[in-house]
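Beneath this line is the structure, given in structure tokens, with notes to follow.
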Amino acid sequence: MKKHNKRGILIILVVIMVVGVFPFSIAANELDSAKQEKTALEQKKKDIDNKIAALESEKTDIVNYIEKLDIQLNELTEQMNILTADIEEAQADLVVTQKELGKAKAHEEKQYESMKKRIQYIYENGESSYLEILIESKDISEFLNQVEIRSKITEYDNNLLDEYNKITQKVIQKEEELEEKLASLNLMQEELSYEQEAVETLVQAKAVELAKHEEQIVASENVAKEYEAELEAKLAEIEHLEEAERKRQEEELRRKQEEERKRKEAAERKRLEEARIKAEAEAGNNNSSESSNASSGNHTGTGVFTWPTPSSRRITSYFGWRIHPIYGDNRFHSGIDVGAPYGTHIVAADAGTVVARGYSGSAGNYIHVNHGNGIVTRYYHCSSFVASTGDNVQKGQVIAYVGSTGASTGPHLHFEVRVNGVATNPLGYVN
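All residue numbers for the sequence shown refer to the numbering used here, where the first residue is 77 and numbers rise by one.
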């Protein structure tokens, strides 16, 4: 039987521990998990920010490179314009030169034809022509003049032909030079055109690359915003969990404090109850003497009571049921409480005999006065006494001083009226 009881107690303790610890474990795990997720999100946010920074840096490099390519393309375009102008000029010069060459060749051919006719004439007339010239001449001088004239004509023809030939050759040379220059310019134009196309192609490629980087930046920024939103949500969750944990710890602390308070109150109630029982047991003997003395009318009062604390009439608790200020439960209050400073005079409510004086855990220092006719007044929580057991006291005579002994929350007098041993409302007796 004892083994079963021990086993049952052990099971109950385990259940209590699990119930107490399990919610804490869940809350702690949720908080740790949320913090780990927050750390992971922070790392992801950092990574995406680094990626955005790298993309922005690459974008800047691409933009700078495109700007350089644009400058290069402008320079090539300017060179192409200059080269085109040179080609057009060379072509114009070539046209002029070709016209000059045509004229030179025409003059040369014309002179050549004239020369051929003269040579043909001389050939057809033969050597006799010189004889005829001699015969026909008046003298040798005339003959020589005629011969010299013919010779000069021939020389003139030859010189003129040579001159035309030289002009023709010079024009031909100029034409060749212009054609060579034009060919060189055309080649340069072709090479420049290839270079220009290459730069334009590179610009287009870089523009595509720039567009991709911008798309990646926008996409990465959207991801960063999502991470930031998730991070804010996670921070809010952590704050909520931390607040819940803080409240749980506060509640746990309050619960433990409340348990400790109740434990102490229970112990105090037990102690006071034991003291009360003891005091009532002790007072039982006094009640019998109070009753016998009250019946005998040894020192009978007037029946009209004076206020037991002349300097204070502040009632802090009335006769009847109430929530006990110390124990917190609903108890019957068998008298009235009068709040007064420590050491305030307590007087006998009426003439009578002191039949009891002592101490109990609940009443503290108490003194009882028998007024005869079955009426007894009680004065609790006194700091000290003036009257002693057996003393006959007069109405209004100081018998004790206000204190806070026993089960008390502060200096006050608990004043009680009993008729034939039954507690009665004191306000029905005091003046």
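Idealized CB from N, CA, C, for every residue including glycine.
> Should N440 go down as buried or exposed, given a rule of 16 or more other Cβ atoms within 10 Å for buried?
Replying inline: Inspection of the sequence shows that residue 440 is occupied by Gly rather than by Asn. Label assigned to G440: buried.
> So, D302 versus L149, is the Cβ gap smaller than 9 Å?
Replying inline: According to the sequence as given, residue 302 is Glu; it is not Asp. No, these two residues do not count as a Cβ contact at 9 Å.
>> Considering just the uninterrupted stretch of the beta strand (DSSP E) at I399, what are its terminal residues?
In response: G396 to I399
>> Between I412 and I475, how many whole angstroms is the CB-CB distance? I'm expecting something under 8 Å.
In response: Contact flag wrong, Cβ pair sits at about 17 Å.
>> Across the segment 449-465 and the segment 479-497, are there enough close Cβ pairs to call them in contact, namely three or more that are closer than 8 Å?
In response: yes
>> Taking DSSP's pairing of strands, which residues face L489 in a bridge?
In response: V414
> Relative to the alpha-carbon of S438, which residue among N406, G396, T485 and Y418 has its alpha-carbon at the smallest distance?
Replying inline: T485
> How is N441 classed by DSSP in three states: helix, strand or coil?
Replying inline: strand
> If you check the beta carbons only, do N496 and G396 fall under 9 Å apart?
Replying inline: no
> Should E189 be counted as a contact of the ligand ADP given a C-beta to heavy atom distance under 8 Å?
Replying inline: With respect to small molecules bound, the structure shown includes none, and the ligand ADP cannot be examined in it.
> To which residues of the same chain is G472 closer than 8 Å at the C-beta, ignoring the five residues directly before and after it?
Replying inline: Counting only Cβ-Cβ distances below 8 Å, and skipping sequence neighbours, we find T382, P386, V423 and A424.
> Quick one: is R322 buried, meaning 16 or more other Cβ sit within 10 Å of its Cβ, or exposed?
Replying inline: exposed
>> Suppose contacts are defined by Cβ-Cβ distances below 9 Å. Is T152 in contact with Q272 by that definition?
In response: A quick correction: the sequence has Leu, not Thr, at residue 152. Cβ distance < 9 Å, so L152 and Q272 count as in contact.
> Does DSSP put A476 in a helix, a strand or coil?
Replying inline: strand
> Do you know how far the Cα of Q333 is from the Cα of T378?
Replying inline: 53 Å
> Looking at the unbroken beta strand (DSSP E) that takes in V430, where does it start and where does it end?
Replying inline: For V430, the enclosing beta strand (DSSP E) begins and ends at G428 to S436.
> Quick one: what's got a C-beta closer than 7 Å to V462's C-beta in the same chain, skipping five residues either side?
Replying inline: V474, I475 and A476
>> Can you tell me which residues form a DSSP beta bridge with Y188?
In response: DSSP, once it has assigned bridges, lists no residue as partnering Y188.
> For I402, which three-state DSSP category applies?
Replying inline: coil
>> For A370, which residues in the same chain have their Cβ closer than 7 Å to its Cβ, ignoring the five residues on either side in sequence?
In response: Summary for A370: the model assigns pLDDT 47, below 50, so the residue's position carries little reliability; its value from the coordinates is reported in the next sentence. Counting only Cβ-Cβ distances below 7 Å, and skipping sequence neighbours, we find N446, G448, N449, G450, I451 and V452.
> Whose CA, out of A342, E176 and L311, lies closest to the CA of I243?
Replying inline: E176
> Thinking just about the alpha-carbon of each residue, which of T481, H400, A129 and V279 is nearest to the one in G434?
Replying inline: T481
>> Counting beta carbon pairs with one atom in the segment 118-126 and one in the segment 289-308, are three or more of them shorter than 8 Å?
In response: yes
> Apart from the five residues just before and just after H409, which ones in its own chain have a Cβ nearer than 8 Å to its Cβ?
Replying inline: S393, Y394, F395, G396, W397 and R398
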